[in-house]
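Residue numbers for the sequence shown follow the numbering used here, beginning at 1 and rising by one.
Written out below as structure tokens is the structure these notes cover.
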Amino acid sequence: MPRKKTDIIVIGSGISGCTAALSAARCNKQVILLTKTADPMESNTRYAQGGIVTVGGEDTEDLLYRDIIRAGGGICNPEAVRIVSREARRAVYGFLIDEVGVAFTKRDDGSYHFTREAAHSRRRILHHLDMTGLEIQRKLIARVKENGNISLLPNHTAIDLITTHHNSKNPLLKYKKNLCLGVFVLDNRTGEVKTLLADATVIATGGVGRLYQHTTNPECATGDGISMAYRAWAEVANMEYVQFHPTKLYTEEGTSFLISEAVRGEGGILLNKNGDAFMERYSPQWKDLAPRDEVTRAIYNEMAETESTHVYLDIAHNKKSISIRERFPGIYEECRRHKIDIETEPIPVVPGEHYFCGGILIDGFGRTTLRGLYAVGEASCSGVHGANRLASVSLLEGLVFGLKAGKAAVRPKINRLYFKDIADWEYPTSVKNTENDPLLTLQDWNNLKTTMWNYVGIIRTETRLTRAVSELRNLYSRITDYYRDSYLTRAKIELRNGIIVAQCIAQFAKRNRKTIGSHYVTEPE
Ligand code: SIN
Numbered sequence: 001m002p003r004k005k006t007d008i009i010v011i012g013s014g015i016s017g018c019t020a021a022l023s024a025a026r027c028n029k030q031v032i033l034l035t036k037t038a039d040p041m042e043s044n045t046r047y048a049q050g051g052i053v054t055v056g057g058e059d060t061e062d063l064l065y066r067d068i069i070r071a072g073g074g075i076c077n078p079e080a081v082r083i084v085s086r087e088a089r090r091a092v093y094g095f096l097i098d099e100v101g102v103a104f105t106k107r108d109d110g111s112y113h114f115t116r117e118a119a120h121s122r123r124r125i126l127h128h129l130d131m132t133g134l135e136i137q138r139k140l141i142a143r144v145k146e147n148g149n150i151s152l153l154p155n156h157t158a159i160d161l162i163t164t165h166h167n168s169k170n171p172l173l174k175y176k177k178n179l180c181l182g183v184f185v186l187d188n189r190t191g192e193v194k195t196l197l198a199d200a201t202v203i204a205t206g207g208v209g210r211l212y213q214h215t216t217n218p219e220c221a222t223g224d225g226i227s228m229a230y231r232a233w234a235e236v237a238n239m240e241y242v243q244f245h246p247t248k249l250y251t252e253e254g255t256s257f258l259i260s261e262a263v264r265g266e267g268g269i270l271l272n273k274n275g276d277a278f279m280e281r282y283s284p285q286w287k288d289l290a291p292r293d294e295v296t297r298a299i300y301n302e303m304a305e306t307e308s309t310h311v312y313l314d315i316a317h318n319k320k321s322i323s324i325r326e327r328f329p330g331i332y333e334e335c336r337r338h339k340i341d342i343e344t345e346p347i348p349v350v351p352g353e354h355y356f357c358g359g360i361l362i363d364g365f366g367r368t369t370l371r372g373l374y375a376v377g378e379a380s381c382s383g384v385h386g387a388n389r390l391a392s393v394s395l396l397e398g399l400v401f402g403l404k405a406g407k408a409a410v411r412p413k414i415n416r417l418y419f420k421d422i423a424d425w426e427y428p429t430s431v432k433n434t435e436n437d438p439l440l441t442l443q444d445w446n447n448l449k450t451t452m453w454n455y456v457g458i459i460r461t462e463t464r465l466t467r468a469v470s471e472l473r474n475l476y477s478r479i480t481d482y483y484r485d486s487y488l489t490r491a492k493i494e495l496r497n498g499i500i501v502a503q504c505i506a507q508f509a510k511r512n513r514k515t516i517g518s519h520y521v522t523e524p525e
């Protein structure tokens with residue numbers, strides 16, 4: 001059974017994972033960066049369109065701080081917000097631009113072009129056309145690949161964290177603090193389970209979008225890291241705060257393609273089925289650039305009142321002020337594929353799950369409550385986003401905390417003698433050598449996603465949440481039996497992770513009866 005020791009393991013290859021790996025490697029540590037996808041480019045980061053916040057020209061650290069706090073509905077962690085506001089300039093210019101080589105869009109005079117998104121009081125968002133995430137991801141993966149201290153391990157799915165309390169053969173370790181010593185991983189291609197041991201493990205597995213029927217997230221966003229950390233008894237927080245993006249492209253067959261908020265930042269206006277610009281009625285001050293949760297609920301309401309499956313986003317009216325095709329080439333092309341010409345007609349849009357504000361609780365260095373375990377990016381909860389994330393702060397948080405956690409993770413000296421008491425992975429003797437039935441997985445996912453969308457979605461009620469908790473409990477018991485019954489696959493691991501995180505979200509949401517930010521609770525009239 002393959003067993004490997006290294007200094008640091010990073011799970012996940014988006015902006016926070018790559019940054020943490022590069023930051024640790026800079027201190028001359030050996031890092032294994034693993035990802036369940038065959039292509040390490042595949043992550044939530046890759047699909048980010050709008051951009052990354054920094055402190056722009058006429059901007060200040062304090063203004064950014066205030067905007068983030070205001071969007072967060074009063075429950076942001078001020079210390080964490082201070083960290084990202086303070087470090088924004090250095091992390092973006094010093095690391096991302098100067099060291100990693102990310103090219104952001106410039107004006108004709110060579111200065112950077114700052115775009116604007118909802119609830120920002122300044123233009124402060126750097127972008128690469130409308131494909132910011134793709135540019136960042138490409139450059140980061142290139143730096144990771146050329147770094148001699150980092151071994152990239154694609155096609156490996158993390159199964160469970162290894163801890164002294166869960167996995168050591170030495171029963172006396174129960175009397176000491178629980179310690180994370182690494183992770184069991186499945187080689188997706190061979191089915192072999194490997195034991196990876198390390199002084200520090202960093203979770204950077206991204207969000208939970210695929211737990212919902214409608215999402216802007218790619219298929220890999222199944223809450224894996226949060227679920228693993230929860231099972232290993234690390235604390236999770238703010239799990240009820242799920243952010244829905246107001247404008248996902250609407251097509252009859254369904255798509256996860258996002259229509260960036262930057263389209264509204266550049267003058268796009270939301271229209272209902274009857275062609276009315278409705279945002280003024282909901283937010284006279286901010287109109288179409290109101291905070292995300294407000295716009296999402298306004299759309300939800302308009303769709304209900306006009307009995308429509310979607311609303312429209314019109315940027316065509318602004319074609320005299322901006323070159324739409326040049327500013328939004330990705331959106332232009334994708335819409336054209338769906339036979340929508342955004343230069344002459346409005347784009348059909350609908351809300352979808354977009355970002356998870358909760359996750360594994362961390363401090364200002366990315367440390368979780370489980371020693372030896374770190375978390376960064378969307379899988380973590382630093383408290384920066386509170387109940388509602390301000391646009392384009394997610395890439396910044398992943399970057400800043402990736403740098404910090406990578407550095408912090410090189411410090412602890414775990415006693416490697418603990419490693420010898422860790423047993424390798426064993427299947428329970430009851431496991432049957434049966435073929436996995438993909439239809440079982442598919443049906444379980446369908447149940448999970450519709451329950452989350454209808455009962456733990458944009459508008460929540462006590463009755464819906466009570467139903468969700470009970471249905472998810474039943475589903476959990478079925479999925480656990482299925483999980484234990486036969487050999488592991490990536491799909492089964494994801495399903496088990498998904499149901500555990502779904503239950504956490506539903507339970508947190510049910511316990512919190514107060515509407516704040518993205519957690520909106522009401523009773524139907
Ligand atoms: C967008 O481009 O609208 C997404 C930006 C974000 O999620 O912060």
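Note that beta-carbon positions come from the ideal geometry of N, C-alpha and C, so glycine has one too.
Distance, residue j Cα to residue i Cα
| i | j | result |
| --- | --- | --- |
| E334 | P348 | 13 angstroms |
| K413 | R26 | 17 angstroms |
| G406 | H165 | 25 angstroms |
| S151 | P40 | 12 angstroms |
| V55 | S260 | 20 angstroms |
| L488 | Y250 | 35 angstroms |
| I331 | D130 | 7 angstroms |
| G402 | V410 | 13 angstroms |
| T163 | L181 | 6 angstroms |
| Y476 | E353 | 22 angstroms |
| Y526 | E135 | Absent from the model: residue 526. The displayed extent of the chain is 1 to 525, so no value can be given. |
| Y312 | S380 | 33 angstroms |
| T368 | R210 | 24 angstroms |
| R337 | R325 | 14 angstroms |
| T540 | D314 | Within the shown structure, residues of the chain are numbered from 1 to 525, placing residue 540 beyond reach of any answer. |
| Y374 | L271 | 44 angstroms |
| V236 | G225 | 11 angstroms |
| V501 | F184 | 19 angstroms |
| L63 | S121 | 8 angstroms |
| A468 | K139 | 41 angstroms |
| N388 | G73 | 7 angstroms |
| W453 | L396 | 28 angstroms |
| R460 | M303 | 17 angstroms |
| Y300 | P351 | 8 angstroms |
| G101 | F328 | 22 angstroms |
| I32 | E426 | 23 angstroms |
Supposed close pair residue i, residue j - CB separation, criterion 8 angstroms
| i | j | result |
| --- | --- | --- |
| P2 | K194 | 5 angstroms |
| I68 | S85 | 7 angstroms |
| E117 | S392 | 6 angstroms |
| E79 | G364 | 6 angstroms |
| V81 | V384 | 6 angstroms |
| I11 | I203 | 5 angstroms |
Bridge-paired residues (DSSP) for residue i
| i | result |
| --- | --- |
| I269 | D314 |
| Y65 | Bridge partners of Y65: none, in fact. |
| E353 | T215 and F244 |
| L186 | T157 and V193 |
| T45 | Paired residue(s): none; T45 is not in a bridge. |
| G359 | A237 |
| C592 | Examination of residue 592 is not possible in this model, given that the chain is present from 1 through 525 alone. |
| A200 | I8 |
| S168 | I422 |
| R124 | In the DSSP output, where bridge partners are listed per residue, R124 has none listed. |
| S151 | I32 |
For residue i, the three-state DSSP class (helix, strand or coil)
| i | result |
| --- | --- |
| C533 | No statement about residue 533 is possible, as the shown extent of the chain runs from 1 to 525 and does not include it. |
| S486 | strand |
| P2 | coil |
| D224 | helix |
| K176 | coil |
| T306 | coil |
| R530 | With the chain covering only 1 through 525, there is no way to say anything about residue 530. |
| D341 | coil |
| R511 | helix |
| L495 | helix |
| V208 | coil |
| I322 | coil |
| V376 | coil |
| S477 | helix |
| P329 | helix |
Any C-beta of chain B under 8 angstroms from that of residue i
| i | result |
| --- | --- |
| P291 | The question asks about chain B, but that chain is absent: this structure has only one protein chain. |
Practice task
Run through the region 253-297 for me and flag every whole beta strand (DSSP E) of 3 or more residues, listed as ranges in chain order.
Solution key: Scanning the region 253-297 from its first residue to its last, the whole beta strand (DSSP E) runs of 3-plus residues come out as 269-271.
Exercise for the section: Could you name each continuous alpha helix (DSSP H) segment of 4 residues or more that falls completely within the region 395-458, going from the start of the chain to the end? Expected result: Counting whole runs of 4 or more residues, the region 395-458 contains the alpha helix (DSSP H) stretches 438-455.
Exercise for the section: Give, in chain order, every unbroken run of the alpha helix (DSSP H) that is at least 4 residues long and sits entirely within the region 52-122. Expected result: Listed in chain order, the complete alpha helix (DSSP H) runs (minimum 4 residues) inside the region 52-122 are 61-71 and 78-89.
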